[in-house]
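**Student:** Residue numbers 1 to 783, in the UniProt record's numbering, belong to the letters of the sequence shown in order.
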Amino acid sequence: MNVEKIKHDDKMLFAAIKKEFDDNGFIIDEEKILHLIGRMNETEKAKELSELLTMAAISRIRKDEKNTIALAWLNKAVELDAANKKAANFLSQHDWQNYRHLLKDLVFPSIRETDNRTAKRKVAEQYINLCRKFLDEVEEEQDKLAANKKSAVETQNSQAISKYSEITEQLKQVVLKTSELLKAAEEYEESISGVFHTAIYYETVKKDIEKLNELIAGWNQLFMEEEQRNEQKESSLEVLGQMIGLETVKKRVEDYYRFLKYQHSRKKLGFTIQDELSLNMIFTGNPGTGKTTLARLLAHIYHELGVLPSEEVVEVDRSQLIGGFMGQTEENVRSIVKQALGGVLFIDEAYSLKREGQSGNDYGQAAIDTLVSLMTGDEFGGKFAVILAGYPEEMRQFLESNHGLRSRFPSSNFMHLPNYSKEELLVIGEKIASDNDYVITKGGKKELLHRLEREEVDESFGNARAVKNIVLDAIFKKGAKPANNKHILTYTLLEEEDFSNKEKSDMEDPAKELEQLIGLNGVKAEIKKIIAFVKMQQLRREKGQRILPIQLHAVFTGNPGTGKTTVAKLYAQFLKDCGILKRGHLIVTSRADFVAGYVGQSAIKTKKKIREALGGVLFIDEAYSLLSGSNQDFGKEVVDTLVMEMTNHNENLVVVLAGYPKETEQLLASNPGLQSRFKKYIPFDDYNAKELIEIMKLYAAKFDYLLSDEAISYLLEALATIPTQGNGRFATNIIDESVQMQALRIMEEEMDKEKEHSIITEADLQKALRGYSKNQNLGQSNS
């Protein structure tokens with residue numbers, strides 16, 4: 001873009017921003033002014049930059065009075081242009097808080113009349129030095145105070161005027177008393193050196209110090225009162241209301257709070273409560289949904305209303321409860337419960353106490369039984385609350401298998417914390433940035449959302465925790481960048497590039513990669529058709545039109561080496577680029593990745609592998625091998641689990657089955673649920689002779705080798721007469737073998753190595769093919 005045009009556009013934007021600020025007193029779109037600030041050179045445009053920073057800061061202050069970022073911008077504005085009265089005036093309204101530590105060095109050592117002369121003289125000298133140092137420095141601070149008070153008067157800020165007046169008067173008294181102490185200390189020192197009686201001067205010094213300490217305490221109180229007002233303790237319900245999202249949970253906790261308050265009032269009036277409401281709770285939800293925060297909040301509520309004497313929450317997990325030998329678990333649980341008495345015991349991932357298929361050496365059940373006993377026994381029963389937390393499904397199964405524990409938690413005390421919406425996660429991200437004195441730009445928010453979408457593929461997604469990690473990572477990237485003369489916004493803005501976490505892909509353009517594949521014309525046409533369909537359905541969705549269900553699971557049939565895995569990788573990348581898949585990675589698997597040796601373990605292995613593939617494509621090679629035909633085989637368990645997980649993760653998973661046509665068809669026929677999920681069948685034909693030669697040429701060129709014309713002619717004849725197996729794999733294997741034959745030939749014949757070292761000849765290929773045929777015949781005879 002033309003430099004003059006940029007200057008003209010910036011000038012017009014500056015004028016528009018200034019007019020908006022003058023008309024409204026603030027700027028609505030902060031991004032607009034920050035964009036212009038970022039383009040301003042501090043040296044060339046100091047005055048304009050100072051004015052822009054002032055407008056941006058004042059706009060922020062009017063939205064949020066306590067804003068560190070705004071104060072930093074105002075300080076920079078004054079630094080750039082000392083004549084910027086508006087910035088100086090606004091700074092003065094908040095600057096009084098910086099005087100809190102002005103008297104911190106006025107700390108006087110103790111003095112005793114019974115000390116010897118040397119000790120007395122040393123203390124007297126310390127008093128004199130402290131007083132002189134303070135009086136030398138305080139004059140400049142008094143001038144600043146006067147200037148700030150004047151600015152406050154000019155802006156008619158009554159609160160700032162009052163505060164500066166108090167500080168000025170208090171400081172005046174401190175200065176006066178410090179001067180009196182200096183005089184008394186000098187006289188006391190002189191009396192120690194002379195023949196005078198020191199007791200009179202000692203008493204004067206002592207009284208002056210006592211009075212000065214009173215004034216210093218009064219000075220500190222000026223600032224403490226303001227801090228106490230700012231940090232006034234909020235009620236638990238107010239804290240709950242400030243939490244982002246969780247509307248259903250908030251309503252439930254508010255109702256619970258009011259009920260407990262009601263019961264508390266009835267007790268005060270003398271009414272009997274025969275059956276107390278259980279304080280024990282079950283919180284279910286995915287990571288980062290606020291379970292621990294809510295547990296702490298409930299502990300505060302219990303304490304506020306006098307239900308429990310303490311607001312302490314003892315947070316534990318399996319590792320702190322389960323012992324390594326008989327009897328240790330019971331001791332651990334009892335010890336933890338003792339710590340939690342009067343408060344709340346919070347057990348995260350409680351279901352991990354009782355693991356599926358645990359051995360006899362696992363003491364999880366002992367922990368559960370001991371906990372139930374202590375919750376109901378006379379010694380500790382009713383003296384503490386228990387909150388169990390974890391994933392919804394796992395928690396349900398855990399409670400169903402432990403009826404004694406389940407009965408201690410009324411159904412009304414079950415609370416589910418849902419995942420945050422994208423909008424809520426963005427608000428959380430902005431708050432985390434703000435707490436660290438950063439602002440996220442529009443581009444930064446867009447990239448933050450993109451990162452969140454990519455990470456949110458299953459129930460392990462960390463919600464608020466994930467947002468925090470991403471924002472802190474962006475802050476680290478911002479600070480780690482090498483830069484000279486950093487712009488003021490470098491210290492306060494998080495931009496798109498700070499959040500970007502783009503992974504380098506092996507493929508620059510999947511469409512181009514697909515076209516470059518040898519042969520496979522039918523496959524290419526089918527993939528293009530699927531992608532065109534996906535894109536069209538997305539366009540229709542954006543326009544609010546009805547869309548057909550998108551069926552993306554596919555069956556790739558064909559012999560080995562026909563390019564099924566390569567095309568699956570491209571397919572995954574296509575679907576990522578279309579926005580269907582969040583990660584676009586390919587997980588290549590076979591029977592060994594799913595089937596285990598005993599009941600239940602195959603399902604676990606299958607679920608684990610599927611979770612690896614979420615957000616991408618799960619490619620099952622030789623899928624038909626999942627079913628061996630034996631009744632003792634656990635392949636059926638794999639297929640049943642696969643069908644269930646494909647339903648559970650319908651939007652986050654694409655499955656591709658690969659193998660021979662007939663055998664794959666038999667696999668699908670074995671399970672109607674599996675068959676119904678695969679609508680797309682893509683056959684991969686064997687390569688013909690010309691296509692195999694093209695693959696060989698490309699593969700050789702990849703390593704800077706070239707097939708001679710005679711070699712190519714020979715291949716055309718030879719491939720028409722000999723049977724080949726392996727397709728693309730056959731082609732690469734032949735070239736690998738030919739390269740070795742070529743190396744042996746050149747070394748033995750002592751030819752011109754520079755001239756011949758890149759050429760593969762007909763002779764090289766003949767020997768390679770003979771070796772291939774020999775191996776094939778040997779394999780057939782062994783079989």
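Ideal Cβ placement from N, Cα and C applies to all residues, glycine included.
Per the DSSP calculation, L305 is bridged to which residue(s)?
**Tutor:** DSSP lists no partner for L305.
**Student:** What do you reckon, are the CB atoms on E311 and G290 nearer than 8 Å?
**Tutor:** no
**Student:** Would you check whether the ligand NAD has a heavy atom nearer than 7 Å to the C-beta of F684?
**Tutor:** Of ligands this structure carries none, so the ligand NAD is not represented either.
**Student:** Out of L49, D23 and E423, which has the shortest C-alpha to C-alpha gap to L34?
**Tutor:** L49
**Student:** Can you give the Cα-Cα distance for L399 and L627, rounded to whole angstroms?
**Tutor:** 35 Å
**Student:** What are the start and end residues of each continuous beta strand (DSSP E) run of 3 or more residues lying completely inside the UniProt domain "AAA+ ATPase" (550-688), in chain order?
**Tutor:** 554-558, 586-589, 616-620, 653-659 and 680-684
**Student:** Just grab the DSSP bridge partners of T284 for me.
**Tutor:** G390 and H416
**Student:** Please go through the same chain and pick out, in chain order, the residues whose beta-carbon is closer than 6 Å to the beta-carbon of K468, but skip the five residues on each side of it.
**Tutor:** I432
**Student:** To the nearest angstrom, report how far apart L692 and G728 are at their CA atoms.
**Tutor:** Approximately 7 Å, taken between the alpha carbons.
**Student:** Per DSSP, L707 forms a beta bridge with which residues?
**Tutor:** The partner list for L707 (beta bridge, DSSP) reads I760.
**Student:** Reducing DSSP to helix, strand and coil, say where A385 ends up.
**Tutor:** strand
**Student:** Out of N24, G25, K32 and D23, state which residue places its alpha-carbon closest to the alpha-carbon of M12.
**Tutor:** Restricting attention to N24, G25, K32 and D23, the CA atom closest to the CA of M12 is found in K32.
**Student:** For E186, which of L135, D136 and N129 has the nearest alpha-carbon?
**Tutor:** N129
**Student:** Any idea what DSSP makes of F398, helix, strand or coil?
**Tutor:** In the structure shown, F398 sits in a helix (DSSP, three-state: H, G or I).
**Student:** Any idea what DSSP makes of S359, helix, strand or coil?
**Tutor:** Its pLDDT being 49, under 50, S359 is placed unreliably by the model, and the measurement read from it follows with that caveat. It is coil, neither helix nor strand.
**Student:** Mind pulling the alpha helix (DSSP H) runs of 4 or more residues that sit fully within the stretch 69-138?
**Tutor:** Qualifying alpha helix (DSSP H) stretches, in chain order: 85-95.
**Student:** Starting from the C-beta of V153, find all residues in its chain whose C-beta is less than 7 Å away, skip the five residues before and the five after it, and write them out in chain order.
**Tutor:** I161
**Student:** Give the straight-line distance between the Cα atoms of T248 and R266, rounded to the nearest whole angstrom.
**Tutor:** 27 Å
**Student:** Select from G597, D685, T204 and H585 the residue whose C-alpha is nearest the C-alpha of K652.
**Tutor:** Residue identity check: residue 652 is Asn in the sequence provided, not Lys. Out of G597, D685, T204 and H585, H585 has the C-alpha closest to the C-alpha of N652.
**Student:** Can you tell me whether P683 is buried or exposed, with buried defined as 16 or more other CB within 10 angstroms of its CB?
**Tutor:** exposed
**Student:** Okay, do the stretch 298-313 and the stretch 383-394 touch, 3+ Cβ pairs below 8 Å being the bar?
**Tutor:** yes
**Student:** Should the stretch 211-223 be regarded as contacting the stretch 172-179, the criterion being three or more beta carbon pairs within less than 8 Å?
**Tutor:** yes
**Student:** Pop quiz: N286 and N413 are said to be a contact at Cβ under 8 Å. What is the actual Cβ separation, rounded to whole angstroms?
**Tutor:** With 8 Å as the limit, N286 and N413 do not qualify as a contact, their Cβ atoms being about 20 Å apart.
**Student:** S236 and I282 - do their beta-carbons sit closer together than 8 Å?
**Tutor:** no
**Student:** Measure the CB-CB distance between L417 and L240 and report whether it falls below 8 Å.
**Tutor:** no
**Student:** Going straight from the alpha carbon of G429 to that of R451, what length do you get?
**Tutor:** 12 Å
**Student:** Kindly indicate which three-state DSSP category I322 falls into: helix, strand or coil?
**Tutor:** coil
**Student:** Quick one: what's got a C-beta closer than 8 Å to R546's C-beta in the same chain, skipping five residues either side?
**Tutor:** R540
**Student:** When DSSP labels each residue in this structure, what does I440 get in the three-state scheme?
**Tutor:** In this structure, I440 counts as strand in the three-state DSSP scheme.
**Student:** For F346, write down the residues that DSSP places opposite it in a beta bridge.
**Tutor:** E315 and I387
**Student:** Applying the criterion that 16 or more other CB atoms from any shown protein chain within 10 Å of the CB defines a buried residue, is I192 buried or exposed?
**Tutor:** buried
**Student:** By how many angstroms is the C-alpha of N213 removed from the C-alpha of K478?
**Tutor:** 46 Å
**Student:** Alpha carbon to alpha carbon, what distance is there between L106 and Y202?
**Tutor:** 19 Å
**Student:** Using 10 angstroms around the beta-carbon of E645, count the other beta-carbons present and answer buried if the total reaches 16, otherwise exposed.
**Tutor:** buried
**Student:** In whole angstroms, give me the CA-to-CA distance for S411 and Q263.
**Tutor:** Taking the straight line from one Cα to the other gives about 20 Å.
**Student:** Quick check: H553 and I610, are their CB atoms within less than 8 Å of each other?
**Tutor:** no
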